[in-house]
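Using this note's numbering, read the sequence shown as starting at 48 and increasing by one per residue. A virtual CB, placed ideally from N, CA and C, is assigned to each residue, including glycine. The structure appears right after this line, and notes come after that.
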Amino acid sequence: MPAAGEGNLFADESFPKAAHHELQNTQLRANLRHATHSIRDKRLRVVGELPDWESLRNAGEAIKNQAMARLDERLEEFEKNFTARGGIIHWARDAAEANQIVTDLIKQTGSTEVVKVKSMATQEIGLNEHLETQGIAAFETDLAELIVQLDHDKPSHILVPAIHKNRTEVRDIFLREMPDVDPNLTNEPAKLAEASRKHLRKKFLSTKVAISGANFALADTGTLGVVESEGNGRMCLTLPETLITVMGIEKVLPSWQDIEVFMQLLPRSSTGERMNPYTSLWTGVTENDGPQNVHLVLMDNGRTRALSDRFGRSALNCIRCSACMNVCPVYERTGGHAYGSTYPGPIGAILSPLLTGIEAEENNSLPYASSLCGACFDACPVKINIPEILVHLRGEDVDSQRGKKLLPTQMDLLMKGGSWALGKGRNLDLLEKGLPLGKLAAGRDKKIKRLPGIAAGWTASRDIPAPPSKSFRDWWKSEKEGK
Ligand code: SF4
Numbered sequence: 048m049p050a051a052g053e054g055n056l057f058a059d060e061s062f063p064k065a066a067h068h069e070l071q072n073t074q075l076r077a078n079l080r081h082a083t084h085s086i087r088d089k090r091l092r093v094v095g096e097l098p099d100w101e102s103l104r105n106a107g108e109a110i111k112n113q114a115m116a117r118l119d120e121r122l123e124e125f126e127k128n129f130t131a132r133g134g135i136i137h138w139a140r141d142a143a144e145a146n147q148i149v150t151d152l153i154k155q156t157g158s159t160e161v162v163k164v165k166s167m168a169t170q171e172i173g174l175n176e177h178l179e180t181q182g183i184a185a186f187e188t189d190l191a192e193l194i195v196q197l198d199h200d201k202p203s204h205i206l207v208p209a210i211h212k213n214r215t216e217v218r219d220i221f222l223r224e225m226p227d228v229d230p231n232l233t234n235e236p237a238k239l240a241e242a243s244r245k246h247l248r249k250k251f252l253s254t255k256v257a258i259s260g261a262n263f264a265l266a267d268t269g270t271l272g273v274v275e276s277e278g279n280g281r282m283c284l285t286l287p288e289t290l291i292t293v294m295g296i297e298k299v300l301p302s303w304q305d306i307e308v309f310m311q312l313l314p315r316s317s318t319g320e321r322m323n324p325y326t327s328l329w330t331g332v333t334e335n336d337g338p339q340n341v342h343l344v345l346m347d348n349g350r351t352r353a354l355s356d357r358f359g360r361s362a363l364n365c366i367r368c369s370a371c372m373n374v375c376p377v378y379e380r381t382g383g384h385a386y387g388s389t390y391p392g393p394i395g396a397i398l399s400p401l402l403t404g405i406e407a408e409e410n411n412s413l414p415y416a417s418s419l420c421g422a423c424f425d426a427c428p429v430k431i432n433i434p435e436i437l438v439h440l441r442g443e444d445v446d447s448q449r450g451k452k453l454l455p456t457q458m459d460l461l462m463k464g465g466s467w468a469l470g471k472g473r474n475l476d477l478l479e480k481g482l483p484l485g486k487l488a489a490g491r492d493k494k495i496k497r498l499p500g501i502a503a504g505w506t507a508s509r510d511i512p513a514p515p516s517k518s519f520r521d522w523w524k525s526e527k528e529g530k
């Protein structure tokens, strides 16, 4: 089995426990509801404009499947083309190796500060925290990432990391954490954006090293691409002398032509825009134009392991648009922190256990964090069948628990009883003889209000109507005999 992923992929506590705390936060729920509903409405409007949306989804899925089926060849092709144009590739097996490579590269420049473009890969490996231990300060330049960093908080959404904070909370963070901020700062979005621009501008102009992620890598040209909304990414990708990109190996696409499909799918699915404001593409080094030292850290960190799971591997097709989060009824109520890992929401519920292995106790409750309503599958631009993978992972979890326990659990006994009862009509007949007992337990109001053991969870929020005095089959028999 290939090595498991490390870094910020693990929950601190099980999903039900974490969700329980998060649900107490009514402000968080109100913020989330407002934000997810407005993004999802925008998405529906712009998706509805395209008559060939379903064909685009099919194309996106097919391109990703093709890339994954020959991932080794695509990666080698990308390496050849990226290197031929002056870029330098570094291979990292896991989070620790990736962090070490980036640290060494920064130290070689003599710099102790870096500016960062928003990147899930660097969050996954905990790069900022690692750099801090090495005496290197990392400055997030995406507005939402900056808010989260200044508040010493964790992102809770792939695309809108500060989705759990409202404007007033953001203003308070800026007043508290930004030196030189206007003490009369209001919570108007334009004023907040202006404050962050002033705060970051000096960093853009003076910092010699930038760190980025990448939305895709194109194998046939050796090109990397970043899609963003604020222009901070463009500044980081063009102004510093050294550019270090950290990217998961699954981001490689076969050809330049493929971005035609993804540049239609991604902006519409993520921010609900026809086209995102900034798309930066770079191919190695261009003399006297942009960074002259261009590095790419290609990271596995559990991806080969996920690829070896023939049911789960399509999770690697994810383009991190976050559409699945914005439509998920569970995410809307609990928010992203309840998932523990860098990857929240429906995609996080499958990706984190696939990267770390379902045996990782911290993540084995994630596949249950879903009602299996299927909204995520309908919204996904690359048609990842998230509900199917959730069910598959639940099965893997049950299998992995087998043999760990000395005594059968209540669930084991319940399932065994169910299998016995439903295995033969005779057995079911026998069980149905106990129906009058159920009636007795229901009492006068004809409702069973409390069941014992694990079934108590079911009756905690609902009653069971008293069973009828005879089963359907007995009733059917007596009807026929009566005729
Ligand atoms: S799983 Fe699909 S919908 Fe969810 S973030 Fe990934 S690409 Fe977007």
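Nearest residue (CA-CA) to residue i, options the options
i    : options                : result
S518 : A502, L484, G490, I495 : L484
L91  : K163, G173, I148, S317 : S317
D444 : A362, A106, G404, A142 : G404
G331 : D88, A58, P314, T285   : T285
K163 : A507, L190, G54, A139  : L190
L290 : L152, H67, F62, G472   : L152
L265 : G107, F125, M346, W505 : F125
P499 : A507, D267, I220       : A507
H199 : N175, R214, K127, W523 : N175
E297 : D119, S447, A65        : D119
V14  : N105, F129, S516, P514 : Beyond the ends of the chain as shown, which are 48 and 530, falls residue 14; an answer cannot be given.
G359 : G442, T188, W522       : G442
P428 : Q448, R367, W467       : R367
A385 : R214, E409, G295, C371 : E409
Range covered by the beta strand (DSSP E) that runs through residue i
i    : result
F221 : Taken as a continuous stretch (DSSP letters only), F221 belongs to no beta strand (DSSP E), being part of the alpha helix (DSSP H) at 214-224.
N340 : 340-346
M322 : Segment: none, M322 is in no beta strand (DSSP E) and carries neither H nor E.
W138 : 135-139
T188 : Careful: T188 lies outside any beta strand (DSSP E) and carries neither H nor E.
L265 : 263-265
G295 : 289-295
S259 : 256-259
E160 : 160-163
Where the alpha helix (DSSP H) through residue i begins and ends
i    : result
F358 : Run containing F358: none; DSSP gives neither H nor E here.
V445 : 433-448
A426 : 422-426
E275 : Element bounds for E275: not the alpha helix (DSSP H) but the beta strand (DSSP E), 270-275.
K527 : 519-529
D459 : 457-470
N105 : 100-116
Outcome for residue i when other beta-carbon atoms lying within 10 angstroms are tallied against a minimum of 16
i    : result
P400 : buried
E69  : buried
W329 : buried
Q311 : buried
G392 : buried
S355 : exposed
M462 : exposed
N335 : exposed
S327 : buried
L239 : buried
E123 : exposed
T188 : buried
K471 : exposed
P287 : buried
L440 : buried
M346 : buried
T215 : exposed
8 angstroms contact criterion, which residue i and residue j should meet: CB distance rounded
i    : j    : result
A82  : S388 : In fact, because the Cβ distance is near 20 angstroms, the residues do not count as touching under 8 angstroms.
G52  : L402 : 4 angstroms
S418 : P376 : 6 angstroms
L193 : A185 : About 11 angstroms separates the two Cβ atoms, so there is no contact after all.
I495 : A489 : 5 angstroms
V293 : A168 : 5 angstroms
Q170 : N55  : 6 angstroms
L271 : M115 : Contact doesn't hold; Cβ gap of about 19 angstroms is too wide.
K212 : N78  : 7 angstroms
I86  : N262 : The pair is not a contact, with the Cβ atoms about 18 angstroms apart (cut-off 8 angstroms).
L398 : C365 : 7 angstroms
S166 : S259 : 6 angstroms
- Stretch pair the region 432-442 + the region 406-416: three plus CB contacts closer than 8 angstroms: yes
- Message: Taking contact to mean 3 or more Cβ pairs, one atom from each stretch, closer than 8 angstroms, check whether the region 94-101 and the region 257-277 are in contact.
- Response: no
- contact_flag[the region 234-242, the region 301-320] where n(CB pairs < 8 angstroms) is 3 or more: no
- Hey, is the region 342-350 in contact with the region 378-390, meaning 3+ C-beta pairs nearer than 8 angstroms? no
- Determine contact between the region 249-257 and the region 147-167, defined as no fewer than three beta-carbon pairs at a distance below 8 angstroms. yes
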